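Asker:
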């Protein structure tokens, strides 16, 4: 058996898709539904979220035309605030974003796998939030 571990194409695609798309669509509806009294309000909140996401996409499209170099957020911040701020934010986003995304994917996987295997509803969201807050 080899000590070298490799991620194949399917595994790599799954990691990238999970990081880009996220699992929020799987984890948040039950939480939102418990706080919204009606189906119409629930759907209206998702519609509002879609409008905000579309506005954010349009902002990024405009920024990309104003700053046509590679780098995304870091390039925009460097042009506005300088290299130090851009590097700091880029580092925080890279470390925090990937770690947070991976934690969310693991929580979703564990929640749905435990539900499938045990046949009971398992809420891992509360312990995760309590762990992050330090409760």
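In our numbering, the protein residues as written are 872 to 1006.
Just so you know, even glycine gets a beta-carbon here, dropped at the ideal spot from N, CA and C.
Quantities reported herein were computed from a predicted structural model and do not represent experimental measurements.
Hey, quick one: how far does the alpha helix (DSSP H) through residue 954 stretch, first residue to last?
Answerer: Within the chain shown, numbered from 1, the residue matching residue 954 stands at position 83. 954-989 is the span of the alpha helix (DSSP H), which, as asked, contains residue 954.
Asker: Taking DSSP as the reference, what is the three-state secondary structure of residue 938?
Answerer: For the purposes of this step, residue 938 is taken as the residue at position 67 of the chain shown. Coil.
Asker: Rounded to a whole number of angstroms, what is the C-alpha to C-alpha distance between residue 924 and residue 976?
Answerer: As a first step, residue 924 is located in the chain shown; it is residue number 53 there, counting from the start. As a first step, residue 976 is located in the chain shown; it is residue number 105 there, counting from the start. When rounded, the distance between both Cα atoms is 21 Å.
Asker: Hey, residue 897 and residue 979: beta-carbon distance below 7 Å or not?
Answerer: Locating residue 897 in the chain shown gives position 26, where the first residue counts as 1. Locating residue 979 in the chain shown gives position 108, where the first residue counts as 1. Their beta carbons are under 7 Å apart, which means residue 897 touches residue 979 by this criterion.
Asker: Over the uninterrupted alpha helix (DSSP H) stretch that includes residue 900, give me the two end residues.
Answerer: Taking the first residue of the chain shown as 1, we reach residue 900 at position 29. Unbroken alpha helix (DSSP H) run through residue 900: 895-906.
Asker: Skipping 5 residues on each side, what residues in its chain have a beta carbon closer than 7 Å to that of residue 903?
Answerer: Counted from its first residue, the chain shown places residue 903 at position 32. If we look at residue 903 and ignore the five residues flanking it on each side, its Cβ neighbours are 913 and 916.
Asker: Would you tell me roughly how many angstroms separate the C-alpha atoms of residue 982 and residue 990, rounded to the nearest one?
Answerer: Position 111 of the chain shown holds residue 982. Position 119 of the chain shown holds residue 990. C-alpha separation (whole angstroms): 11 Å.
Asker: Taking Cβ to Cβ, would you say residue 929 is nearer than 7 Å to residue 947?
Answerer: Within the chain shown, numbered from 1, the residue matching residue 929 stands at position 58. Within the chain shown, numbered from 1, the residue matching residue 947 stands at position 76. Residue 929 places its beta carbon 7 Å or farther from that of residue 947.
Asker: Within 10 angstroms of the Cβ of residue 957, are there 16 or more other Cβ atoms? Answer buried if so, exposed if not.
Answerer: The residue you call residue 957 lines up with position 86 of the chain shown. Buried is the call here.
Asker: Helix, strand or coil, according to DSSP, for residue 909 in the structure here?
Answerer: Here residue 909 is taken as the residue at index 38 of the chain shown, counted from 1. Three-state DSSP puts residue 909 in coil, outside helix and strand.
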